[in-house]
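Participant:
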Amino acid sequence: NAGVTQTPKFQVLKTGQSMTLQCAQDMNHNSMYWYRQDPGMGLRLIYYSASEGTTDKGEVPNGYNVSRLNKREFSLRLESAAPSQTSVYFCASSESGRNTEAFFGQGTRLTVV
Amino acid sequence: KNEVEQSPQNLTAQEGEFITINCSYSVGISALHWLQQHPGGGIVSLFMLSSGKKKHGRLIATINIQEKHSSLHITASHPRDSAVYICAVSTPHFGNEKLTFGTGTRLTIIP
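So the sequence lines, in the order shown, correspond to chains A and B.
Residues 85 to 197 (the working numbering) are what the first sequence spells out, left to right.
Residues 4 to 114 (the working numbering) are what the second sequence spells out, left to right.
Take a look at the structure:
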């Protein structure tokens with residue numbers, strides 16, 4: 085019962101480097117999300133995907149791109165990392181529709197130096 | 004003002020104490036979620052509720068829709084309950100739902 089799996093768990097990047105955070109879920113959920121968590125702030129939505137083949141911007145999309153590769157996988161790419169992107173990133177998934185429970189991955193702690 | 008406010012921000016209590024964490028929100032919601040985050044760990048959903056009260060083991064969640072307020076209670080608290088508890092609300096968003104999160108309450112239970 086893996087649920088939502090994120091990789092890597094930790095990453096240190098130099099400013100300007102690129103990387104992709106991977107996320108996969110095995111619950112056959114349509115909706116998938118990427119959030120970032122910063123000290124003193126609630127989780128903020130970066131991008132979401134309501135179904136395979138669709139993606140939409142969230143609250144803080146600048147500096148990120150996403151790909152919904154298939155129903156299971158939703159990746160987040162930083163093309164040119166900046167120190168302001170130092171954060172903990174969470175992937176989540178849920179059923180479509182209303183009043184559905186969200187399931188979260190273990191998080192990726194990213195530091196950009 | 005944030006759409007979701009939690010109080011207190013930090014709470015330290017002795018093992019066995021009854022714990023209450025509060026959440027107030029300012030928008031119309033579909034549901035309210037209580038989540039738990041252990042240090043260095045992922046986020047786990049504890050409750051999702053749209054009315055009344057739910058209980059799971061020593062945890063109880065209540066919501067008052069008219070007052071736009073929810074509480075999470077922990078009875079007979081234990082050190083393993085030490086975690087950050089996050090309140091989030093679901094609101095309709097283009098046929099799906101959007102989650103808006105509070106900043107969390109850091110709970111520490113001392114043996």
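Ideal placement from N, C-alpha and C gives every residue a C-beta, glycine not left out.
Beta carbon of B/Thr94, beta carbon of B/Thr15: below 9 Å?
Facilitator: Cβ distance not < 9 Å, so B/Thr94 and B/Thr15 don't count as in contact.
Participant: Taking its Cβ as the centre, do 16 or more other Cβ atoms sit within 10 Å of A/Arg120, making it buried, or is it exposed?
Facilitator: Buried: at least 16 other Cβ atoms inside 10 Å.
Participant: When you check each C-beta in the stretch 62–86 of chain B against every C-beta of chain E, which residues fall closer than 8 Å?
Facilitator: Among the protein chains of the structure shown, namely A and B, there is no chain E.
Participant: Hey, how far is the Cα of B/Ser53 from the Cα of B/Ala64?
Facilitator: Going from the Cα of B/Ser53 to the Cα of B/Ala64 covers about 11 Å.
Participant: Quick one: residues in its chain with C-beta nearer than 6 Å to the C-beta of B/Val92, no 5 flanking neighbours on either side, listed in chain order?
Facilitator: These residues qualify, in order along the chain: Val7, Tyr28, Ile32, Leu35, Thr103.
Participant: Thinking just about the alpha-carbon of each residue, which of B/Met51, B/Val87, B/Thr108 is nearest to the one in B/Asn25?
Facilitator: Comparing Cα-Cα distances from B/Asn25 to each of B/Met51, B/Val87, B/Thr108, the minimum goes to B/Thr108.
Participant: Give the C-beta separation of B/Ala79 and B/His41 to the nearest angstrom, bearing in mind that I take them to be a contact with Cβ-Cβ under 8 Å.
Facilitator: Contact doesn't hold; Cβ gap of about 19 Å is too wide.
Participant: Which residues of the stretch 177–195 of chain A have a Cβ closer than 9 Å to any Cβ of chain B? Give them in chain order.
Facilitator: Per Cβ criterion, the list reads Ser178, Ser180, Gly181, Arg182, Asn183, Thr184, Glu185, Ala186, Phe187, Phe188, Gly189, Gln190, Gly191, Arg193.
Participant: Looking at B/Gln9: is its Cβ nearer than 9 Å to the Cβ of B/Gly105?
Facilitator: Result yes, Cβ atoms of B/Gln9 and B/Gly105 sit closer than 9 Å.
Participant: Within 10 angstroms of its Cβ, does A/Arg161 collect 16 or more other Cβ (buried), or is it exposed?
Facilitator: Classification for A/Arg161: exposed.
Participant: Mind listing the chain A neighbours of B/Leu102? Cutoff is C-beta to C-beta under 7 Å, in chain order.
Facilitator: Near B/Leu102 (Cβ distances below 7 Å), the residues of chain A are Ala186.
Participant: For A/Asp140, decide whether its Cβ has a neighbour in chain B, counting only Cβ atoms nearer than 9 Å.
Facilitator: So yes, A/Asp140 belongs to the interface.
Participant: Can you tell me whether B/Arg61 is helix, strand or coil according to DSSP?
Facilitator: B/Arg61: coil per DSSP, three-state reduction.
Participant: B/Gly45 CB to nearest chain A CB: under 9 Å?
Facilitator: Interface residue, yes.
Participant: What does the alpha-carbon distance come out to for the pair B/His76 and B/Ile22?
Facilitator: The straight-line gap from Cα to Cα measures roughly 5 Å.
Participant: Are the stretch 161–181 of chain A and the stretch 135–153 of chain A touching by the rule of at least three beta carbon pairs closer than 8 Å?
Facilitator: Taking 8 Å as the limit for Cβ pairs, the verdict is that the stretch 135–153 of chain A does touch the stretch 161–181 of chain A.
Participant: Assuming A/Lys93 contacts A/Thr192 under a Cβ cut-off of 8 Å, what Cβ separation, rounded to an integer in Å, is found between them?
Facilitator: Rounded, the Cβ-Cβ distance is 6 Å, consistent with contact.
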